[in-house]
Ligand code: TXA
Ligand code: MG
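Numbering (the numbering used here), first residue to last: 1 to 318.
Pasting the structure below:
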């Protein structure tokens with residue numbers, strides 16, 4: 001059931017979570033499928049509803065630094081970043097404290113946890129719940145992440161009872177996942193907090209993009225991910241017969257007028273607008289009568305890095 005984002009439904013979501021149910025909630029990045037992070041049975045429901053492989057750990061969502069401190073050990077650099085970017089789209093991988101129990105299922109056997117404090121009503125739900133919530137994106141594993149309530153419903157169908165409709169997500173792309181190691185900042189997944197923003201906050205700290213390496217440190221960095229059913233062709237200079245076209249900016253692409261269907265991520269080449277539209281437009285173009293979705297090049301700056309990361313994975317055949 002899709003319901004309005006009001007006080008009554010926030011309370012209902014909290015009650016369901018207390019009963020060990022799973023609910024879909026909006027965040028500033030994408031919609032999340034939330035469960036009590038300390039309840040094995042509830043966490044298991046997430047893996048089942050999403051058909052998520054059990055070796056892929058979940059992000060633990062907290063209301064603030066104080067709650068995070070109860071569950072993980074926070075170094076100085078990580079705390080600086082939390083102070084600067086929380087609540088917001090930054091997840092930090094940190095050593096787990098074993099005194100308070102996060103469900104082992106949610107951690108997939110790791111001795112670290114990824115923590116993030118989300119914004120808006122999701123944060124309100126955690127405050128009322130008084131405990132962390134795990135929340136992966138509210139979609140079937142491997143497919144496009146949802147940035148509105150309707151696509152949550154389309155992906156998860158009856159596997160979720162309650163979906164709170166918070167409209168379109170402000171950022172539209174998942175959180176950045178980082179890890180501090182030997183005073184170096186490793187970006188495990190590019191996302192809503194850009195490399196440029198991190199550089200500005202942490203002067204003289206080396207930044208390493210782990211993301212490009214073959215080894216899966218853990219994140220949604222499984223090879224094929226964020227993938228529509230249709231084939232995806234990247235950095236196109238020409239649209240082929242039978243293709244749908246996802247444009248960016250005003251620059252012309254050969255035969256774009258022959259595309260079966262066409263959407264523009266941002267007519268004004270605004271990278272933030274493109275991120276906001278990305279998953280929604282990919283779903284809209286993903287019809288079974290097309291040869292492929294042809295996608296125009298997107299500059300690799302700011303949120304462009306996260307967009308290109310998602311597109312690269314979307315282009316790998318399932
Ligand atoms: O913006 C977001 O982060 C959204 C919203 C709902 O908060 N959530 C999200 O969750 O994107 P999910 O499950 O789709 O992606 C979480 C990623 C996974 O790829 C997982 O491998 C990684 O976080 N992760 C979780 N715990 C980790 C850990 N201890 N070390 C490294 N990566 C971890
Ligand atoms: Mg996901």
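For glycine and all other residues, C-beta sits at the position ideal for the given N, C-alpha and C.
Note that the structure is predicted; figures quoted are calculated from it, not measured.
| Cα separation between residue 96 and residue 111? | Numbered from its first residue, the chain shown carries residue 96 at position 96. Numbered from its first residue, the chain shown carries residue 111 at position 111. Cα to Cα, residue 96 sits roughly 6 Å from residue 111.
| query | Whose CA, out of 154, 135 and 256, lies closest to the CA of residue 62? | reply | Reading the chain shown from its first residue, position 62 is the one you call residue 62. For residue 62, the nearest C-alpha among the options comes from 135.
| message | Considering just the uninterrupted stretch of the alpha helix (DSSP H) at residue 15, what are its terminal residues? | response | The count along the chain shown starts at 1 and reaches residue 15 at position 15. Unbroken alpha helix (DSSP H) run through residue 15: 7–18.
| request: Between the Cα of residue 288 and those of 309, 264, 244 and 296, spot the shortest distance and give me the residue it belongs to. | output: Taking the chain shown and counting its residues from 1, the one referred to as residue 288 is at position 288. Measuring from the Cα of residue 288, the nearest candidate turns out to be 244.
| message | the ligand TXA and residue 155: does the residue's C-beta get closer than 7 Å to at least one heavy atom of that ligand? | response | Taking the first residue of the chain shown as position 1, residue 155 is located at position 155. It does not: the Cβ of residue 155 is nowhere closer than 7 Å to a heavy atom of the ligand TXA.
| Nearest neighbour of residue 178, chosen from 158, 209 and 39 [CA to CA] | What you label residue 178 is simply residue 178 of the chain shown in a count that begins at 1. When only C-alpha atoms are compared, the closest one is 209.
| task | With a floor of 3 residues, list each beta strand (DSSP E) that falls wholly inside the segment 198–269, ordered by position along the chain. | result | 207–209, 244–247 and 262–264
| field | Cβ-based neighbour list, residue 206, same chain, cut-off 6 Å, excluding 5 preceding and 5 following | value | Along the chain shown, read from residue 1 onward, the residue named residue 206 stands at position 206. 184, listed in sequence order.
| So residue 250 and residue 274 are in contact, right, with Cβ under 8 Å, and what is the actual spacing, rounded? | To locate residue 250, count along the chain shown from 1; it is residue 250. To locate residue 274, count along the chain shown from 1; it is residue 274. The pair is not a contact, with the Cβ atoms about 13 Å apart (cut-off 8 Å).
| Rounded to the nearest angstrom, how far is the Cβ of residue 49 from that of residue 160, given a contact under 8 Å? | As a first step, residue 49 must be located in the chain shown, where it is residue number 49. As a first step, residue 160 must be located in the chain shown, where it is residue number 160. At roughly 6 Å, the Cβ-Cβ gap stays under 8 Å, so residue 49 and residue 160 are in contact.
| Since residue 48 is in the alpha helix (DSSP H), which residue starts that stretch and which ends it? | The residue given as residue 48 occupies position 48 in the chain shown. Run containing residue 48: 40–50, per the alpha helix (DSSP H) assignment.
| message | Whole angstroms are fine: how far does the CA of residue 175 sit from the CA of residue 87? | response | Reading the chain shown from its first residue, position 87 is the one you call residue 87. Reading the chain shown from its first residue, position 175 is the one you call residue 175. Taking the straight line from one Cα to the other gives about 11 Å.
| query | Contact check, residue 28 vs residue 165 under 8 Å by CB: the rounded distance? | reply | In the chain shown, counting from the first residue as 1, residue 28 sits at position 28. In the chain shown, counting from the first residue as 1, residue 165 sits at position 165. Their Cβ separation, rounded to whole angstroms, is 15 Å, which puts residue 28 and residue 165 out of contact at 8 Å.
| task | Check residue 303 in the structure and name its three-state DSSP category. | result | Stepping through the chain shown from its first residue, residue 303 is reached at position 303. It is coil, neither helix nor strand.
| C-alpha gap between residue 157 and residue 24, whole angstroms | Residue mapping note: residue 157 aligns to position 157 of the chain shown, counting from 1. Residue mapping note: residue 24 aligns to position 24 of the chain shown, counting from 1. One C-alpha to the other measures close to 12 Å.
| said: Considering just the uninterrupted stretch of the alpha helix (DSSP H) at residue 104, what are its terminal residues? | reply: What you label residue 104 is simply residue 104 of the chain shown in a count that begins at 1. Note, residue 104: alpha helix (DSSP H), 104–107.
| request: Starting from the Cα of residue 115, find the closest Cα among 229, 255 and 60 and give me that residue. | output: The sequence position of residue 115 within the chain shown is 115, counting from 1. Comparing Cα-Cα distances from residue 115 to each of 229, 255 and 60, the minimum goes to 60.
| query | Taking C-beta to C-beta, are residue 1 and residue 162 nearer than 8 Å? | reply | Indexing the chain shown from 1 puts residue 1 at position 1. Indexing the chain shown from 1 puts residue 162 at position 162. A contact, by the Cβ cut-off of 8 Å.
| Within the segment 70–136, ranges of the alpha helix (DSSP H) (whole runs, at least 4 residues) | 76–85, 104–107 and 120–129
| field | First and last residue of the uninterrupted alpha helix (DSSP H) at residue 277 | value | Position 277 of the chain shown, counting from 1, holds the residue named residue 277. Residue 277 -> alpha helix (DSSP H) spans 271–285.
| query | Considering only residues of the same chain and omitting the five flanking positions on each side of residue 281, which have a CB-CB separation below 8 Å? | reply | Position 281 of the chain shown, counted from the first residue, corresponds to residue 281. For residue 281, where only same-chain residues beyond five positions count, the Cβ hits under 8 Å are 246, 263 and 265.
| message | Just to confirm my understanding: we take residue 80, look at its own chain, exclude 5 residues before and 5 after, and list those with CB closer than 8 Å. What are they? | response | Translated into positions along the chain shown, residue 80 becomes position 80. Excluding sequence neighbours, residue 80 sits near 201 and 202.
| task | Please determine, among 236, 241, 267 and 186, the residue with the shortest C-alpha to C-alpha distance to residue 253. | result | For the purposes of this step, residue 253 is identified with residue 253 of the chain shown, where counting begins at 1. Of 236, 241, 267 and 186, the residue nearest in Cα terms is 236.
| said: Can you list, in chain order, the residues of its chain with a C-beta nearer than 6 Å to that of residue 108? Leave out the 5 residues immediately preceding and following it. | reply: Locating residue 108 in the chain shown gives position 108, counting from the first residue. So the list reads 55 and 57, once near-sequence residues are dropped.
| message | Short of 6 Å in beta carbon distance, which residues of its chain neighbour residue 31, apart from the five on each side in sequence? Order them along the chain. | response | The residue given as residue 31 occupies position 31 in the chain shown. If we look at residue 31 and ignore the five residues flanking it on each side, its Cβ neighbours are 24, 138, 146 and 152.
| message | On the DSSP bridge list, what partners appear for residue 153? | response | Start at 1 with the first residue of the chain shown, and residue 153 comes out as number 153. In the DSSP output, where bridge partners are listed per residue, residue 153 has none listed.
| query | What's the gap between the Cα of residue 10 and the Cα of residue 18? | reply | Position 10 of the chain shown holds residue 10. Position 18 of the chain shown holds residue 18. Whole-angstrom Cα-Cα distance: 12 Å.
| Going straight from the alpha carbon of residue 195 to that of residue 90, what length do you get? | Along the chain shown, read from residue 1 onward, the residue named residue 195 stands at position 195. Along the chain shown, read from residue 1 onward, the residue named residue 90 stands at position 90. The alpha-carbon atoms of residue 195 and residue 90 are separated by roughly 11 Å.
| Burial state of residue 301, where buried means 16 or more other Cβ atoms lie within 10 Å | Residue numbering aside, residue 301 sits at position 301 when the chain shown is read from its first letter. Classification for residue 301: exposed.
| field | Rounded Cβ spacing between residue 117 and residue 64 (contact assumed at less than 8 Å) | value | Numbered from its first residue, the chain shown carries residue 117 at position 117. Numbered from its first residue, the chain shown carries residue 64 at position 64. About 6 Å; that satisfies the 8 Å criterion.
| task | Consult DSSP for residue 317 and reduce its assignment to one of helix, strand or coil. | result | The residue given as residue 317 occupies position 317 in the chain shown. It is coil, neither helix nor strand.
| field | Test item: CB-CB of residue 232 and residue 311 under 8 Å | value | One-based indexing of the chain shown puts residue 232 at position 232. One-based indexing of the chain shown puts residue 311 at position 311. The answer is yes: Cβ separation under 8 Å.
| field | Spatial neighbours of residue 292 in its chain, beta-carbon cut-off 7 Å, leaving aside the 5 residues before and after | value | Within the chain shown, the letter at position 292 stands for residue 292. Excluding residues within five positions, the ones whose Cβ falls inside 7 Å are 230, 231, 232, 233 and 243.
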